[in-house]
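In our numbering, the protein residues as written are 34 to 165.
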Ligand SMILES: [Zn+2]
């Protein structure tokens with residue numbers, strides 16, 4: 034990992050980014066992005082909050098997509114119920130709707146896994162995008 038340095042806005046001294054205050058002059062380092070990154074990695078997981086659902090939801094979408102399990106994991110209860118109902122009703126309709134809903138789940142699972150953690154959280158945790 035590359036070491037990031039934070040430049041002091043007051044005296045231009047290079048700081049390690051581990052401190053909130055300049056070790057040279059003691060003024061507050063105002064690089065909010067760097068501080069955020071430090072807080073995230075300081076929280077233990079080193080991940081974007083919500084990103085832990087990405088892999089679980091993605092795999093469930095691929096394997097059990099037709100049951101809407103990945104929707105429930107993401108907290109999309111309505112969409113999960115819709116997928117489950119279509120799946121069950123589909124069994125009485127020669128399985129075609131069930132197949133379609135399984136393919137949708139598969140595609141969504143792949144989409145989750147191909148997104149970066151940031152994109153995933155932005156789209157599905159913050160944005161609450163219901164489908165795809
Ligand atoms: Zn300084």
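Beta carbons: idealized from backbone N, C-alpha and C, even for Gly.
Locate the alpha helix (DSSP H) running through residue i, then write down its first and last residues.
i           : result
residue 135 : 129-147
residue 153 : 150-153
residue 112 : 110-124
residue 93  : 85-97
residue 165 : From DSSP, residue 165 is part of no alpha helix (DSSP H); its letter is neither H nor E.
Is residue i close to ligand 1? I mean its beta-carbon at under 6 Å from any heavy atom of the ligand.
i           : result
residue 43  : yes
residue 57  : yes
residue 168 : Any property of residue 168 remains undetermined from this structure, which presents the chain solely from 34 to 165.
residue 46  : yes
residue 60  : yes
What does DSSP give as the partner residues of residue i in its beta bridges?
i          : result
residue 39 : 48
Evaluate contact between the segment 36-47 and the segment 109-126, counting only Cβ atoms and requiring at least three cross-stretch pairs below 8 Å. no
Are at least three pairs of beta-carbons, each pair with one atom in the segment 91-104 and one in the segment 136-154, less than 8 Å apart? Contact between the segment 91-104 and the segment 136-154 is present, because at least three Cβ pairs lie under 8 Å.
Counting pairs of beta carbons, one from the segment 105-117 and one from the segment 55-63, are three or more of them closer than 8 Å? no
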